[in-house]
Every structure is written in structure tokens, then in C-alpha cells.
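With full-length UniProt numbering as the guide, the letters of the sequence shown map in order to residues 1 to 627.
Worksheet for the structure shown next.
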Amino acid sequence: MAEAQSFELLKKKRKSFRTAVTKIVNELEAELSNSDLNVDRLSELVETLSIKFEPLTLVDQQLEPLFKPEEFDGEFEITEKYREKVLLWQFRAKKKINEFSKPRVTSPSLQTTSSQSQDEHFRNSDNIRIKVPKYHITRFYGDDASKWLTIWNSFETSVHNNESLNKVDKFNYLKAHLGGSALNTVEGFPISAKAYDEAVELLKNRFANPEILIQAHMNKILSLQPLKNSNDLRSFRKFVDNCNVQLRSLNSLGVSSANYGKILCPMLLKLIPSDLLLDYNKLQQNGSGSDIQQLLSFLTQSLTAREQTYTMNKSSFELYDCRQETKSNFSREHRSHKQQNQKSFHTACELLTVPVKENKDKIKLICIFCDSMTHNSNECENVINMSLEERKNILLRKGACFNCLKVAKHLSRNCPMNKTKCEICSGLHHKIFCFKQHRREIESMSIDLTNQNTREIFLQTLTVYIENGNSKQLIRAILDTGSQKSYISEYAAKFIGLKSIGKETITHGLFGGHKITKVHDKYLINLCSYDGKYSFNMEVNDQKNICLGISRINDSRVLQKLATLNVFISDSFANNKLCLFEKHSDEIHILLGSDIVGKIFTGEVKQLSEGLTAVNIHLGWTVNIFC
1 MAEAQSFELL
11 KKKRKSFRTA
21 VTKIVNELEA
31 ELSNSDLNVD
41 RLSELVETLS
51 IKFEPLTLVD
61 QQLEPLFKPE
71 EFDGEFEITE
81 KYREKVLLWQ
91 FRAKKKINEF
101 SKPRVTSPSL
111 QTTSSQSQDE
121 HFRNSDNIRI
131 KVPKYHITRF
141 YGDDASKWLT
151 IWNSFETSVH
161 NNESLNKVDK
171 FNYLKAHLGG
181 SALNTVEGFP
191 ISAKAYDEAV
201 ELLKNRFANP
211 EILIQAHMNK
221 ILSLQPLKNS
231 NDLRSFRKFV
241 DNCNVQLRSL
251 NSLGVSSANY
261 GKILCPMLLK
271 LIPSDLLLDY
281 NKLQQNGSGS
291 DIQQLLSFLT
301 QSLTAREQTY
311 TMNKSSFELY
321 DCRQETKSNF
331 SREHRSHKQQ
341 NQKSFHTACE
351 LLTVPVKENK
361 DKIKLICIFC
371 DSMTHNSNEC
381 ENVINMSLEE
391 RKNILLRKGA
401 CFNCLKVAKH
411 LSRNCPMNKT
421 KCEICSGLHH
431 KIFCFKQHRR
441 EIESMSIDLT
451 NQNTREIFLQ
461 TLTVYIENGN
471 SKQLIRAILD
481 TGSQKSYISE
491 YAAKFIGLKS
501 IGKETITHGL
511 FGGHKITKVH
521 DKYLINLCSY
531 DGKYSFNMEV
541 NDQKNICLGI
551 SRINDSRVLQ
561 KLATLNVFIS
571 DSFANNKLCL
581 FEKHSDEIHI
591 LLGSDIVGKI
601 FTGEVKQLSE
611 GLTAVNIHLG
621 WTVNIFC
């Protein structure tokens, strides 16, 4: 009862705050449309709007966990509309204030000549009418120290040194352009002028340390990808640009190339192809030592010459274009089959003997479904987990024949191989495309799922944010202390764009005592709680599938019990449409094993009733339910 009264009281407070905010926005809109604009009045309205909007935001945050699941989407949409409206009119008002704050350009004197007056007029009109693109500052997350100088220089020139902004506004802009560990560094400071200076000093002490920045830029150079072919112009340009960016950053830190050039130059020479290395060594026949600036100058000249040649004769570089290099095995096999099909067969004897002569020395096995070279396509075990439609789509996407299951430029009706007879229904198709077999698999799966769901179990799932650079994605995770390692699905790693930091061989002990040894890619990820209050970095291994889909808690009785104890389950209230999924919204893509669960466990446990336990970790509340 008390909880319901508190809920109604918060809704009344929100209504009053929204009315006050709407009134100020209307006054702001009327003032901006007034031909006789009062800048002082406009500034007062902007400041009042900021003060009134702050308690409204606080009340919205307090109400958010109290809404029912069916009410959450509608309430969230209305809240976002209010927020967007306030930010829009604040921006328009501040823009108009800044326009009136700029010094006006005095008109030319009446005593000047007419030609001088016209020139001055055109110069002033150009300055007024030309519209430049909006200036965008990249957000700094603190995971890559080498990005600090670039981002801080942009922020310093546009915000930090902007005299038209007070330090409170500067602090808000600063926090808006920080994320991850960088944002955690300045969390807890009050929004004030003094706190802004302290926050800037704290960020500089952590991320602007010259030794750390120099080491970060040197590591960037040492981790450059080798240039495999000098005619791959895109990779060549990327290689040269990356070298120049890091060297310019080192020079801005006061580190001269004379201090590291003799060591770095031989390392870069190992990353360029042999033809470029030969041309460079020809220039060094006078016995002078290698110089990093001289090497970059040589690479720039070689690249410029190739780019000029490419504009006049593109065919010379066609085979080494970056897009050609990144094509899949389909392109290479497609060309090989095209060459084979150009031969004309005149007799049945030639039709049978020529392929045997060409392939008798080396028989190449390539599975069309998993690209493995250890088995044929009709023996692939991964097909069992695919639907009939998925199997067909793979062959259509790769341009493969439905009869021979090979990448070839012919249809199944024109396939030179004998028609395959299905072992199940005796139809003229592979058994992997048999509709009857697929229907049996679906029925078997449905029976298994029906048997499993006789008693419902909710596991410890939660919704978190995963961050990678500038991207941030909602994702579902599960806690499993029975697993010694933490894992991320291969689909999630590819979708988010994670880069492997190494490989690890793990022997998995399966149910029944079976063991499987597998090599996993390792990734470094940053997980953040749903409310954004806690984040940390952790290492995970990749895994094709984490587990089957797990339902969210949608029992209203359970959710009401949790609400009375101020337990907010992110996995139940988060918008499932925004969570990462490949096919179904109930998919799990991160498994938090015992290597990390113990570190994020807070020790807070609430026993709601028999079989219902809520556990609090730093990433949010999870629930164990058996009903």
C-alpha cells in the first residue's frame, strides 16, 4: 500500500515538473520568434529551463523501475520526447545568444572608393552566408591512450578555450564526450566551476602522461600490419598514413625522430614487400644509414607514383585491388570452374576422363557449409543445427550447385554429375534437402522442448552494455559458476567488431565424461551495467553458441514482489528489440564464468520466498527461480 502511494506521489510530482518545463519552453519559443529579441531575457529562460529540467529527470529515473512491463515502452517514449524537446530549444536559444555575442563587422567608410566598398561587402557576405558542417568531437573512452592528444586538442579549441561558455557548461560538455574508464575517472564530481578544473587536471594526470603516450604511439607503429603487395593501393595508403600519424604525434610530444629512427627503421623495412625494399636499398648504396624520415619520404613517393599510374591504367592494378583481395573462396573457385567449363567435351569418354586426369594428383575436399577441408559437404555435422531454408540460402549465396554441392557456374539440372537420389524419400535431391527428414527433426526438437518445459526454470540472466571503441550495444548475459572461463558468441564478437588479442587452447569436460579440445580466440571487452554506474574490462574466449534461448521473467507476481523490495531486474525491463540477437530475442551471447563472477559479486542476497532468490552483483540484480 505504501509502495502504491509513493508511486502515485512520484507521478504527481512528474506532472507538475512537466507543466513547468512546458511553460518555459513555450516562453522560449515565443521569445525566439519575436523580431525584437531580448538576449538577456533569452539567457534567463535557458538557465531557468536547465534548473527545472533537472528534477524532472530525477523523478523519471525514480519511476522507471516501478512501471509494469506493458507500460514501460510508452512511458519511455514520452520521457524521451520531453528530453529531445528541451535539448532542441536549449540548443536553438544558445545558438541565437552566440550569434548576438559575436562582434559585429563595421561597414566600410563612406569616403572609400566604390570598388573597395564592393570588395568589403562581398567578403563580409561570404563570411555570413557560408554554412560549414557541424563540428563533431570523438568520444574518449580511455582504452587507447594514443587517442588522447587528438581528442583533447579538438575539445580544447572548441570548448575549453571558448570564453562564451561558463565552466559548468564546459563540464557538461566534457562528460558528454567521455565514456568507459575515462568517464569513471571524473564521476562523483559536482557540476561546478571548481570541479571542472579538478576534473581536467585529473584527466591530464592520467592520460596525458608523456611516457604513457610515447609508449602507446610506439606500440601502434610496432603493431602495424605488414604490406603484402605494393600494388594494393588501399593497403599501401593505409600503411603510410598510419606511420605518419604516429610519427607526427611523437613529434608533438617533443620526441625527435633522431632518438628512435635508427631502431624503428629496420622494423618498418621488414613490413614492406621485397620490390619496395629492393628499390629503397638501391638508394642507400652510398653507405649512409637508414633514416625514418627518408624511408617515409620514399614510401610516399612510391605510393604517389602508383596512384598516378592507376588513374591512367587501372588494368595494371586490377588484380591487386583491395576488394579483389577480400573476396571469399567463392570467387577463386568460381574462376577455376569457369576455366574448366570453357573446354568443350565432344564425347562421353572425355566427359568422364578429363576431370579424373585433372584431379587424380590432388583431391580437394571443401565443405560448402563450414568451409572445412576435412570432409565433404554431405558429411557436415553443422547441417543438423540449420533449418532447411538456411541450408538453401548458403548454397544460393555461394553460387553452389544443389546436386553436386560444389561452387560451380551451372544449375542442378545441368550438373555433369549423376542426379543424387535421396536415401529417405527416394527423390532426386540430397537427403540434407529432404523436407520429410527436416520435418522429423523439427518434431523431435519440439518433443524435447515440451519435455523440458514441464517445469519452468529461470536462470541467472541479465542485460548489460558491451563497449568497443565508439560503439555500445545492449546484450544478454548469463552467470555460470560451473564454467571456469568466460565466453562470448562468435556472432557477437563479429557484429561488435572485436579484435583478437591471442588464442587459447582449452579442453572442455562435457556431460558423461567426454572431453573436447578446441582453440579459442581471446578478446578484451568492456562490460557496463544497464544503469551505467559500473563498468570493467575482462577477457573472454569465443564460442560458436553459448546456449539455447532463455526466456525473460514475465510473471507479474514475481515482478511485483521484486518491486516491493526495490529489486530492478534489467533483463525483464530492458527493451528486447534493442538487445543483440541473430534470430530470436531470447538469445544469450555472453557467459560469465567463475573467473569473473567472484569479482563482481556484492554479497547482497534477498530471499523473497521458497524457490525465489535475488542476488545482487555489480552489473545488476539476477534471480534464481524454480517453479
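Even glycine gets a Cβ: it sits at the ideal position worked out from N, Cα and C.
Around the beta-carbon of glutamine 215, fewer than 16 other beta-carbon atoms lie within 10 Å, marking it exposed. Contact between the region 265 to 279 and the region 221 to 234 is present: 3 or more CB-CB pairs across the two stretches fall below 8 Å. Where aspartate 595 is concerned, there is no enclosing beta strand (DSSP E), although the alpha helix (DSSP H) around it starts and stops at 594 to 600. One thing to note: tyrosine 523 has its Cβ within 9 Å of the Cβ of serine 500. For arginine 206, the closest alpha carbon among the candidates Asp143, Ile366 and Asp36 is that of Asp143.
With fewer than three CB-CB distances shorter than 8 Å, the region 580 to 596 does not count as touching the region 66 to 86. Cα atoms of lysine 409 and isoleucine 478: separation of roughly 45 Å, rounded to the nearest angstrom. When the beta-carbon positions are compared, serine 181 and serine 486 stay at least 9 Å from each other. Per the DSSP secondary-structure output, aspartate 542 pairs in a beta bridge with Ile488. In terms of Cα proximity to threonine 505, the closest of Val540, Asp480 and Ile432 is Val540. DSSP places histidine 520 inside the beta strand (DSSP E), whose first and last residues are 515 to 528. Checking the DSSP bridge columns, you'll see tyrosine 465 partnered with Leu474 and Cys528.
In the displayed model, glutamate 604 falls within a strand according to three-state DSSP.
In this structure, the beta-carbon distance from leucine 42 to leucine 63 does not fall below 9 Å. Here serine 252 has Leu149 as same chain residues with Cβ atoms under 7 Å from its own Cβ, once five neighbours each way along the sequence are excluded. Here DSSP, grouped into helix, strand and coil, assigns valine 567 to coil.
The beta carbon of arginine 237 lies closer than 7 Å to those of Leu303 in the same chain, with the five residues before and after it left out. With a beta-carbon spacing of about 5 Å, histidine 217 and serine 249 fall inside the 8 Å limit used to define contacts. For asparagine 576, there is no enclosing beta strand (DSSP E), as DSSP gives it neither H nor E.
Phenylalanine 76 carries a helical assignment under DSSP once its states are collapsed to helix, strand and coil. For valine 407, there is no enclosing alpha helix (DSSP H), as DSSP marks it with neither H nor E. Asparagine 616 sits in a strand when the DSSP states are folded into three classes. Only exposed fits asparagine 418, as fewer than 16 other CB atoms lie within 10 angstroms of its CB. Setting aside the 5 residues that flank it on each side, leucine 10 is surrounded in the same chain by Val59, Gln62 and Leu63, each with a C-beta closer than 7 Å to its C-beta; the list follows chain order. Annotation: the continuous alpha helix (DSSP H) that includes threonine 150 extends over 148 to 155. For the options Cys422, Met373 and Phe369, the alpha carbon positioned closest to that of leucine 396 is the one of Phe369. With respect to threonine 185, leucine 165 sits apart: the two C-beta atoms are not nearer than 9 Å. Around the beta carbon of glutamate 77, a 10 Å sphere encloses fewer than 16 other beta carbons of the protein chains shown; the residue is thus reported as exposed. Excluding residues up to 5 positions away in sequence, Phe369, Val383, Ile432 and Phe433 lie with their Cβ nearer than 8 Å to the Cβ of arginine 391 in the same chain. The beta carbons of glycine 179 and glutamate 467 sit closer together than 9 Å. Secondary structure note for methionine 373: it is in no alpha helix (DSSP H), with a DSSP letter that is neither H nor E. According to the DSSP secondary-structure assignment, lysine 503 is paired through a beta bridge with Asp521. Per DSSP, alanine 145 is not a residue of any alpha helix (DSSP H), being assigned neither H nor E.
Rounded to the nearest angstrom, the gap between the Cα atoms of leucine 619 and serine 412 is 53 Å. In the structure shown, threonine 138 falls within a coil segment according to DSSP collapsed to helix, strand and coil.
Unbroken alpha helix (DSSP H) runs of no fewer than 4 residues, entirely contained in the region 173 to 250, are found at 180 to 186, 193 to 207 and 210 to 222, following chain order.
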